[in-house]
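S.K.:
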Amino acid sequence: MKEVLIATKNAGKVGEFQELFAAYDIAVKSLLDFDEEITDIEETGTTFSENAAIKAEAAMDHYQIPVIADDSGLEIDALDGAPGVYSARYAGKDKDDDKNMEKVLDELIDTPLEKRTARFVCAIAIARPNEDTFVKTGVCEGSIALMSRGANGFGYDPIFIPKGSDRTMAEHTSEEKNSISHRHYAILQIEEWLKDQS
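So that you can map any letter, position 55 of the sequence shown is 55 in UniProt numbering, and since no number is skipped, the others follow by simple counting.
1) Taking C-beta to C-beta, are phenylalanine 48 and serine 30 nearer than 8 Å?
2) Given glutamate 57, which residues of its chain have a CB within under 7 Å of its CB, disregarding the five upstream and five downstream residues?
3) Check the C-beta distance from threonine 117 over to aspartate 77 and give it rounded, since I have them as a contact under 8 Å.
4) Can you give me the C-alpha to C-alpha distance between leucine 146 and leucine 74, rounded to a whole angstrom?
5) Which residues mark the beginning and the end of the beta strand (DSSP E) in which arginine 119 is found?
6) How is glutamate 43 classed by DSSP in three states: helix, strand or coil?
7) Taking DSSP's pairing of strands, which residues face residue 201 in a bridge?
8) Report buried or exposed for phenylalanine 34, applying the criterion of at least 16 other Cβ atoms within 10 angstroms of its Cβ.
9) Just checking my contact of isoleucine 124 with alanine 52 at CB under 8 Å: how many whole Å lie between their CB atoms?
Put into C-alpha cells, the structure is as follows:
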C-alpha cells in the first residue's frame with residue numbers, strides 16, 4: 001500500500017482524508033506522525049489555492065517526499081466572502097471552532113434564510129521533488145443555518161447546510177458527508193494522480 005503525506009496537524013482533516021483515500025488503497029500519514037516537528041508554515045496567500053501550494057511545498061522541501069496539502073474554508077455571500085482564507089482563525093488566532101461559528105451566527109443575525117448562501121471551498125495542492133506543484137479545487141454549495149446543530153464533523157460543519165439537504169453537515173454520517181463534501185470534489189480532480197500512486 002502506498003503512503004501519502006498530508007501536510008496538516010488537524011486530526012479531523014486527517015480522518016477525512018484517510019476515509020477518502022482508502023478507496024485508492026493509499027495510506028495517509030500526517031505531520032502528527034513525525035517526531036521531528038516542522039515549524040508552523042505561515043499561510044501568506046490570499047486564496048485557498050495559494051495557501052495549499054505554500055503548505056505542500058514547504059513540507060515537501062522539508063521531508064523530500066510527495067506531499068498533499070489542502071486549504072479550505074467557508075465563504076458566505078452576505079459577508080462578502082468572509083471568513084474565506086481566515087476561516088480557521090475567524091474569531092481569533094486560537095483556532096476555536098465554537099467561537100468561529102458564534103461569530104458567523106452573530107454577524108448573520110439579521111440576515112434572512114434566503115440570503116444566507118455560502119459554500120465550502122477546498123483547494124488541494126500536490127508538491128513533488130523536482131516537479132511542478134499542481135492545485136485542484138472542489139466546492140460544496142449550501143447555506144448557513146440559524147443555529148448550530150449536529151455533532152459529527154468539525155469546523156463550521158454544525159452551521160452549514162449543504163444544498164439539497166435540510167440537515168447541517170454535522171448531522172450527516174461520515175459516509176454521507178464524504179460523498180458531497182468540498183474535499184470529496186477536490187479529490188475527484190486529482191483522481192488520476194491518486195490511481196497512479198496505488
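Glycine is no exception: its CB is placed at the ideal position from the N, C-alpha and C atoms.
M.R.: With the given structure in hand:
1) As a working note, residue 48 is residue 48 in the sequence shown. As a working note, residue 30 is residue 30 in the sequence shown. Their beta carbons are not under 8 Å apart, which means phenylalanine 48 does not touch serine 30 by this criterion.
2) For this step, residue 57 is matched to residue 57 along the sequence shown. Excluding positions up to five away in sequence, the list reads Ala127, Thr133.
3) Taking the first residue of the sequence shown as 1, we reach residue 117 at position 117. Taking the first residue of the sequence shown as 1, we reach residue 77 at position 77. Rounded, the Cβ-Cβ distance is 5 Å, consistent with contact.
4) Numbered from its first residue, the sequence shown carries residue 146 at position 146. Numbered from its first residue, the sequence shown carries residue 74 at position 74. Roughly 16 Å separates the two Cα atoms.
5) Translated into positions along the sequence shown, residue 119 becomes position 119. It spans 117 to 127 - the beta strand (DSSP E) in which arginine 119 sits, taken as one unbroken run.
6) In the sequence shown, residue 43 corresponds to position 43, counting from 1. It is coil, neither helix nor strand.
7) Residue 201 falls outside the range modelled here, since the chain spans only 1 to 198, and no answer is possible.
8) Against the sequence shown, residue 34 aligns to sequence position 34. Flag for phenylalanine 34 reads exposed.
9) Your numbering for residue 124 matches position 124 in the sequence shown. Your numbering for residue 52 matches position 52 in the sequence shown. Going by Cβ atoms, the distance from isoleucine 124 to alanine 52 rounds to 6 Å, so yes, they are a contact pair.
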